[in-house]
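Taking it in order: structure first as structure tokens, then the write-up.
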Amino acid sequence: GSVPVICVDGPTASGKGTVASAVAAALGYHLLDSGALYRITGLAATRAGIPIDADHAGQIAALIAQLDITFTPDQRVLLDGEDISLAIRSEEAGMNASLGSALPAVRQALVQMQHDFRQLPGLVADGRDMGTVIFPLAPLKIYLTASAAQRAQRRHKQLIEKGIPATIADLRADLEARDARDMNRATAPLQAAQDALLLDNSDITVEEAVAQVLAWWEKRQ
Ligand code: C5P
Numbered sequence: 468g469s470v471p472v473i474c475v476d477g478p479t480a481s482g483k484g485t486v487a488s489a490v491a492a493a494l495g496y497h498l499l500d501s502g503a504l505y506r507i508t509g510l511a512a513t514r515a516g517i518p519i520d521a522d523h524a525g526q527i528a529a530l531i532a533q534l535d536i537t538f539t540p541d542q543r544v545l546l547d548g549e550d551i552s553l554a555i556r557s558e559e560a561g562m563n564a565s566l567g568s569a570l571p572a573v574r575q576a577l578v579q580m581q582h583d584f585r586q587l588p589g590l591v592a593d594g595r596d597m598g599t600v601i602f603p604l605a606p607l608k609i610y611l612t613a614s615a616a617q618r619a620q621r622r623h624k625q626l627i628e629k630g631i632p633a634t635i636a637d638l639r640a641d642l643e644a645r646d647a648r649d650m651n652r653a654t655a656p657l658q659a660a661q662d663a664l665l666l667d668n669s670d671i672t673v674e675e676a677v678a679q680v681l682a683w684w685e686k687r688q
């Protein structure tokens, strides 16, 4: 199609969300935070009392079809009108998202919703399988990484700033467990697309990472 998509995939807390939203803002493009869809799914299933496992994948997929999800321009997330922006950011919500995301029926139920984000003048999509599965023909794919130590430290700083207590050691264990599951699942595992450009942002600033993505994008034009 003629609507350009920039994919930003990578492991947990690698800076994807921050970089993707800054790139989208710089270009005036739409933003898809696909992880939020899996987090909302986990929250909705938990609230409905549906266990997040293979036996209930069909039930969760049916639930997804009924969800009323809104992303506001100021990046808040509404579920049936309720602001759940904070509720979906907890470590528990991340783990529930990862559990549900391993179920093929759940992934399938979210495909159309993700494609619908692709609108003029363009889209920046962040997740695990944007470049490999959802937008395989995207003209620019970034695989954004950072060391586990850096990622745990950044996540820690974010949580402390929000007043949520956590230890770096616990966070690192959590994110490594989540990455292992995301990388080893059979359906749409986390991996760099063959044509992805690797960007390790362990030792560079957010501004430098954003500038690199924008420079690559300019070269593609
Ligand atoms: O990126 P975020 O941490 O919000 O994603 C939460 C979880 O959702 C991930 O650990 C992963 O299991 C799942 N996810 C996915 N595919 C995506 C985005 C997120 O499986 N495109």
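Going by UniProt numbering, 623 is the number at position 156 of the sequence shown; the sequence numbering is gapless.
The C-beta atom is built at its ideal place from N, Cα and C for all residues, glycine as well.
Exercise for review: Please confirm whether L657 and I609 have their CB atoms less than 9 Å apart.
Suggested key: One-based indexing of the sequence shown puts residue 657 at position 190. One-based indexing of the sequence shown puts residue 609 at position 142. With respect to I609, L657 sits apart: the two C-beta atoms are not nearer than 9 Å.
Review point. In three-state DSSP terms, what is L577?
Key: What you label residue 577 is simply residue 110 of the sequence shown in a count that begins at 1. The DSSP-derived three-state label of L577 is coil.
Check your understanding: Across which residues does DSSP place E549 in a beta bridge pair?
Key -> The residue given as residue 549 occupies position 82 in the sequence shown. Beta-bridge pairing links E549 to L546.
Practice item. Counting only the same chain and skipping the five closest in sequence on each side, list residues whose C-beta sits under 6 Å from that of Q617. Key: Here the question's residue 617 lines up with position 150 in the sequence shown. Here the set comprises S669.
Practice item. Within its chain, find whatever has a CB closer than 7 Å to the CB of L681; leave out the 5 residues flanking it on each side and keep chain order. Key: The count along the sequence shown starts at 1 and reaches residue 681 at position 214. For L681, where only same-chain residues beyond five positions count, the Cβ hits under 7 Å are V490, A493.
Review point. Are the segment 504–515 and the segment 633–640 in contact at 8 Å, needing three or more beta carbon pairs?
Key: Between the segment 504–515 and the segment 633–640 there are fewer than three inter-stretch CB-CB distances shorter than 8 Å, so the stretches are not counted as touching.
Check your understanding: Taking DSSP as the reference, what is the three-state secondary structure of K629?
Key -> Numbered from its first residue, the sequence shown carries residue 629 at position 162. The three-state reading of DSSP puts K629 in coil, since its state is none of H, G, I, E or B.
Review point. Any heavy atom of ligand 1 closer than 8 Å to the Cβ of L664?
Key: For the purposes of this step, residue 664 is taken as the residue at position 197 of the sequence shown. No, Cβ of L664 sits at least 8 Å from all heavy atoms of ligand 1.
Exercise for review: Helix, strand or coil for A647, going by three-state DSSP, please let me know.
Suggested key: Your numbering for residue 647 matches position 180 in the sequence shown. Helix.
Exercise for review: Taking 8 Å as the threshold, find out whether the segment 570–577 comes into contact with the segment 516–534 through three or more Cβ pairs.
Suggested key: Segments in contact, yes.
Check your understanding: Is it true that the CB of L577 sits closer than 9 Å to the CB of S501?
Key -> Residue mapping note: residue 501 aligns to position 34 of the sequence shown, counting from 1. Residue mapping note: residue 577 aligns to position 110 of the sequence shown, counting from 1. Cβ atoms of S501 and L577: closer than 9 Å.
Check your understanding: Going by the C-beta, is K483 closer than 8 Å to any heavy atom of ligand 1?
Key -> Counting from one through the sequence shown, the residue named residue 483 turns up at place 16. Placement of the Cβ of K483 at a distance of less than 8 Å from at least one heavy atom of ligand 1 is found.
Check your understanding: Can you tell me whether N563 is buried or exposed, with buried defined as 16 or more other CB within 10 angstroms of its CB?
Key -> Looking up residue 563 in the sequence shown gives position 96. Buried, because 16 or more other Cβ atoms sit within 10 Å of the Cβ of N563.
Check your understanding: Is there at least one non-hydrogen atom of ligand 1 closer than 8 Å to the beta-carbon of M580?
Key -> The residue given as residue 580 occupies position 113 in the sequence shown. The answer is no for M580.
Review point. Cβ of S552 versus every heavy atom of ligand 1: is any distance shorter than 8 Å?
Key: In the sequence shown, counting from the first residue as 1, residue 552 sits at position 85. The answer is no for S552.
Check your understanding: Any idea what DSSP makes of Y505, helix, strand or coil?
Key -> Numbered from 1 along the sequence shown, position 38 holds the residue referred to as residue 505. Collapsing the DSSP output to three states places Y505 in a helix.
Review point. For ligand 1, is there a heavy atom less than 8 Å away from the beta-carbon of L657?
Key: In the sequence shown, residue 657 corresponds to position 190, counting from 1. Placement of the Cβ of L657 at a distance of less than 8 Å from at least one heavy atom of ligand 1 is found.
Check your understanding: Straight-line CA distance for E628 to A678?
Key -> Counting from one through the sequence shown, the residue named residue 628 turns up at place 161. Counting from one through the sequence shown, the residue named residue 678 turns up at place 211. The alpha-carbon atoms of E628 and A678 are separated by roughly 26 Å.
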